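In this note's numbering, the protein residues as written are 3 to 135.
As structure tokens, this is what we get:
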């Protein structure tokens with residue numbers, strides 16, 4: 003297993019080569035092809051006007067667009083609201099000393115995280131959305 007630094011180029015390659023094709027493959031047939039891919043303002047993220055990203059978003063009749071998260075917007079990422087914390091707490095109990103052990107501990111944590119915990123995270127997201135509305 004090899005670690006990779008997340009640079010703008012690696013992020014862009016993942017977006018163009020993996021994320022956008024995966025969205026296309028999983029998108030329900032007959033639905034609109036207008037999709038916004040929202041990213042926060044982290045340094046590795048690509049500018050929405052990047053020529054390669056725009057080309058990938060517009061290929062094959064799709065109307066995808068990469069957009070930045072608006073400043074001061076509420077955090078509506080359900081992963082940040084608790085999924086990662088729940089899994090990380092279980093994973094940390096394993097005291098891993100190598101990358102392979104960390105990955106194995108994280109996979110094991112995902113397998114045992116309670117559905118009740120995951121449901122609570124979804125309810126938290128629902129409450130956040132109610133406040134936004």
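Glycine included, C-beta positions come from ideal geometry on N, C-alpha and C.
Small disclaimer: the values here were computed from a predicted structure and weren't measured.
8 Å Cβ cutoff met for residue i and residue j
i, j, result
"residue 58", "residue 18", "yes"
"residue 40", "residue 71", "yes"
"residue 135", "residue 85", "no"
"residue 76", "residue 130", "yes"
"residue 92", "residue 106", "no"
"residue 37", "residue 66", "yes"
"residue 3", "residue 102", "yes"
"residue 52", "residue 14", "yes"
"residue 115", "residue 88", "yes"
Where the alpha helix (DSSP H) containing residue i begins and where it ends
i, result
"residue 33", "It is not in any alpha helix (DSSP H) - residue 33 carries neither H nor E in the DSSP assignment."
"residue 53", "53-60"
"residue 102", "101-114"
"residue 3", "Unbroken run through residue 3: none, as it is neither H nor E."
"residue 92", "86-94"
"residue 134", "117-134"
"residue 12", "10-16"
Contact set for residue i: own chain, Cβ-Cβ below 7 Å, skip 5 residues either direction
i, result
"residue 12", "6"
Residues of its chain near residue i, where Cβ-Cβ distance is below 6 Å and the 5 sequence neighbours each way are ignored
i, result
"residue 104", "98"
"residue 64", "35"
Limits of the unbroken beta strand (DSSP E) element including residue i
i, result
"residue 69", "65-70"
Same chain only: Cβ atoms within 8 Å of residue i, ignoring 5 sequence neighbours per side
i, result
"residue 26", "62, 64"
"residue 21", "39"
Option in the options with minimal Cα separation from residue i
i, options, result
"residue 78", "132, 113, 33, 96", "132"
"residue 54", "10, 114, 100", "10"
"residue 68", "88, 87, 82, 42", "42"
"residue 46", "127, 117, 16", "16"
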